[in-house]
Ligand code: SF4
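In structure tokens, the structure reads:
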């Protein structure tokens, strides 16, 4: 078996810990791959070329394709369900032909990018999630699309507890997949089922509740205020909360507003490991894509010099700990309506 690791191209997780061996002209996963990776690495190296629906050999198919492309004025290279090498080849072909490219999930992807371009968001890595996240909220995510997602969120057996101590991690599911199923099942603390198309209304209601504004009960059909409050309580209690969504599944009109409702607020403390609240605020305001996002700091820090530096760095509001609920609601409300 080879000691080198291979990056798996068969879902967005891009697991890079697979070991793959060659047997009888076939690639076989020797370790770490999920069932999808095992079956797709083992697929025959070449598919069957077709011209007008009829099987032909590869060179006949290439000649037919070249003939069609030579006479095309503005060819569209679409689909692109391929790895990085395939994308490079498709881009080079489109450039040579003066054509355009479009990924099959382009519409959903660009809704994501639109929000990112407008306001940005804070991202993390799977290593950070593995070592720090004590709350993972899955918004409309079908975990079976990413078979090893939960496995990769958890520290390996050999490293328990995680690098930063024993994490009591909680999973909450919101959306039309009431419970995630994957090759590595996890216990879900609770789920709030609803169609993914209603996630935007749900997160706007959550923000309104956070800001102390009036919210109708039930919030949307089948979801009541108690469920929103339970999620809010979990988010407030979390030291490192992570929201997970998948652009391909938020593929409906105005999904960009749903994503914006999910990502547009940062609540932080001053005293944190590795980076304090001033450094975080400075980073967000000057180096991140999310320079305009409201930042609310909830802190017991008393040093006036440090707090003044945080204000200079651009924090939206500072709230003392222990905080009074009405006060924090007012500050959030102000920050969200600015
Ligand atoms: S989860 Fe499975 S299919 Fe996805 S990248 Fe990892 S090994 Fe490949």
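Residue numbers (this note's numbering): 91 to 428.
Backbone N, C-alpha and C fix where the C-beta goes; we use that ideal spot for every residue, glycine too.
For residue 201 and residue 346, which I take to be in contact (beta-carbon distance under 8 Å), what is that distance rounded to the nearest angstrom?
The residue you call residue 201 lines up with position 111 of the chain shown. The residue you call residue 346 lines up with position 256 of the chain shown. Rounded, the Cβ-Cβ distance is 4 Å, consistent with contact.
Taking the alpha carbon of residue 291 as the reference point, which residue from 279, 278, 305, 149 has its own alpha carbon closest?
On the chain shown, residue 291 is found 201 positions in, with the first residue counted as 1. Measuring from the Cα of residue 291, the nearest candidate turns out to be 305.
How many Å lie between residue 143 and residue 151 at the Cα?
Against the chain shown, residue 143 aligns to sequence position 53. Against the chain shown, residue 151 aligns to sequence position 61. Between residue 143 and residue 151, the C-alpha separation is close to 11 Å.
Grab the span of the beta strand (DSSP E) containing residue 282 for me, first residue to last.
Start at 1 with the first residue of the chain shown, and residue 282 comes out as number 192. Start and end: 280-283.
Once you ignore the five residues that flank residue 341 on each side, which residues in its own chain have a CB closer than 6 Å to its CB?
In the chain shown, counting from the first residue as 1, residue 341 sits at position 251. Within the same chain, residue 341 has close Cβ partners 198.
Could you have a look at residue 243 and say whether DSSP puts it in helix, strand or coil?
Residue numbering aside, residue 243 sits at position 153 when the chain shown is read from its first letter. It is helical.
Around the C-beta of residue 181, are 16 or more other C-beta atoms found within 10 angstroms, so that it is buried, or is it exposed?
Position 91 of the chain shown, counted from the first residue, corresponds to residue 181. Residue 181 comes out exposed.
Below 8 Å, how does it come out for the segment 360-379 and the segment 308-321: are there three or more Cβ pairs, yes or no?
no
Which residues DSSP lists as bridging residue 408, in chain order
As a first step, residue 408 is located in the chain shown; it is residue number 318 there, counting from the start. Looking at the DSSP assignment, residue 408 forms a beta bridge with 387.
Range covered by the beta strand (DSSP E) that runs through residue 113:
Your numbering for residue 113 matches position 23 in the chain shown. Element bounds for residue 113: 109-113.
Please give the ranges of any beta strand (DSSP E) in the segment 140-225, keeping only runs that are unbroken, at least 3 residues long and fully inside the region.
144-146, 166-169, 190-193
Looking at C-alpha atoms only, which residue of 394, 130, 147, 168 is the closest neighbour of residue 193?
In the chain shown, counting from the first residue as 1, residue 193 sits at position 103. The shortest C-alpha separation from residue 193 is found at 168.
Could you compute how far the alpha carbon of residue 123 sits from the alpha carbon of residue 110?
The sequence position of residue 123 within the chain shown is 33, counting from 1. The sequence position of residue 110 within the chain shown is 20, counting from 1. So the two alpha carbons sit approximately 9 Å from each other.
Burial state of residue 157 (16 or more Cβ within 10 Å):
In the chain shown, residue 157 corresponds to position 67, counting from 1. Exposed, because fewer than 16 other Cβ atoms sit within 10 Å of the Cβ of residue 157.
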